[in-house]
Amino acid sequence: MAKFVRAVIPMLVCVDAAAEIEFCKAAFGAVELSRRTDEDGSVTHATLGIGEILIMVHGETAHLASRAPQGDGSSSVVIYLYLEDVDGVVERAVAAGARVLTPLEDCFWGDRMARIIDPHGHVWNVASRKSES
Numbered sequence: 000m001a002k003f004v005r006a007v008i009p010m011l012v013c014v015d016a017a018a019e020i021e022f023c024k025a026a027f028g029a030v031e032l033s034r035r036t037d038e039d040g041s042v043t044h045a046t047l048g049i050g051e052i053l054i055m056v057h058g059e060t061a062h063l064a065s066r067a068p069q070g071d072g073s074s075s076v077v078i079y080l081y082l083e084d085v086d087g088v089v090e091r092a093v094a095a096g097a098r099v100l101t102p103l104e105d106c107f108w109g110d111r112m113a114r115i116i117d118p119h120g121h122v123w124n125v126a127s128r129k130s131e132s
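Residue numbers (numbering that gives the first Met the number 0): 0 to 132.
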C-alpha cells in the first residue's frame, strides 16, 4: 500500500447512540461533527471531535455484527483518552453518569489516570501526561 491511514478511530456501538453523544459532550467536551438518523429519528451514525481526536458513535443495527457492551465493564475494548485536565474530566464524567472503576492516580509511567465506565458500558482510561518516565 502506498499510503497508510494515520489514525485509529474508535467506533462505539450503542443501544442509545444519542445518549452516548450527550455523555461524550458533557464528560469530554466532545463536539458533534456529523449525525445520520434513521427514519424513526434514532442516531445510526455520528462523528465526534474531542480536541484533535475523532470518535464515531453508531447505533446497534441488524447489519452490524458488533453489539453494544454490557453495563458490567466486560467490554473487550478500553479507549485510552489523553486530555489536558483529567481531574476535571473524571468529575464531569461522574456527574454525567459514569462510574469510576479505578480512581485517579499518578502512574509510574508518567500519566495521571483513572478508568471509568460510561452509562452505556464503554470503558475509558482517561489520562493526562504528567512526566516522561
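Beta carbons: idealized from backbone N, C-alpha and C, even for Gly.
Outcome for residue i when other beta-carbon atoms lying within 10 angstroms are tallied against a minimum of 16
{"i": "PHE107", "result": "exposed"}
{"i": "ALA6", "result": "exposed"}
{"i": "GLU104", "result": "exposed"}
{"i": "ASP117", "result": "buried"}
{"i": "VAL76", "result": "exposed"}
{"i": "ILE8", "result": "exposed"}
CB-CB length for residue i against residue j, believed under 8 angstroms
{"i": "SER127", "j": "GLU83", "result": "6 angstroms"}
{"i": "LEU47", "j": "VAL56", "result": "6 angstroms"}
{"i": "ALA173", "j": "CYS13", "result": "In the structure as shown, the chain starts at 0 and stops at 132, and residue 173 therefore has no counterpart that could be examined."}
{"i": "LEU80", "j": "VAL125", "result": "5 angstroms"}
Distance, residue j Cα to residue i Cα
{"i": "SER73", "j": "GLY120", "result": "8 angstroms"}
{"i": "ALA17", "j": "ASP86", "result": "25 angstroms"}
{"i": "SER41", "j": "ASP110", "result": "37 angstroms"}
{"i": "GLY96", "j": "VAL88", "result": "12 angstroms"}
{"i": "ARG98", "j": "ALA25", "result": "14 angstroms"}
{"i": "ASP39", "j": "GLU51", "result": "32 angstroms"}
{"i": "MET0", "j": "ALA45", "result": "Any reading at MET0 is ruled out, since the residue's pLDDT is 37, under 50, leaving its predicted position unreliable."}
Opposing strand residues paired with residue i [DSSP bridges]
{"i": "ILE115", "result": "VAL99 and TRP123"}
{"i": "LEU80", "result": "VAL125"}
{"i": "SER33", "result": "THR46"}
{"i": "GLU104", "result": "MET112"}
Neighbourhood of residue i by C-beta, 6 angstroms cutoff - its chain only, sequence neighbours within 5 removed
{"i": "PHE27", "result": "ILE49"}
{"i": "CYS23", "result": "ALA29 and LEU47"}
{"i": "ILE78", "result": "PRO9 and TRP123"}
{"i": "GLU131", "result": "GLY109"}
Cut-off 8 angstroms between Cβ atoms - residues of its own chain near residue i, not counting five sequence neighbours on either side
{"i": "THR43", "result": "ALA16, ARG35, THR36, ASP37, HIS57, GLY58 and THR60"}
{"i": "PRO102", "result": "ALA113"}
{"i": "VAL93", "result": "VAL99 and ILE115"}
Own chain residues within Cβ distance below 7 angstroms of residue i, not counting five before or after
{"i": "SER65", "result": "VAL12"}
{"i": "GLN69", "result": "GLY120"}
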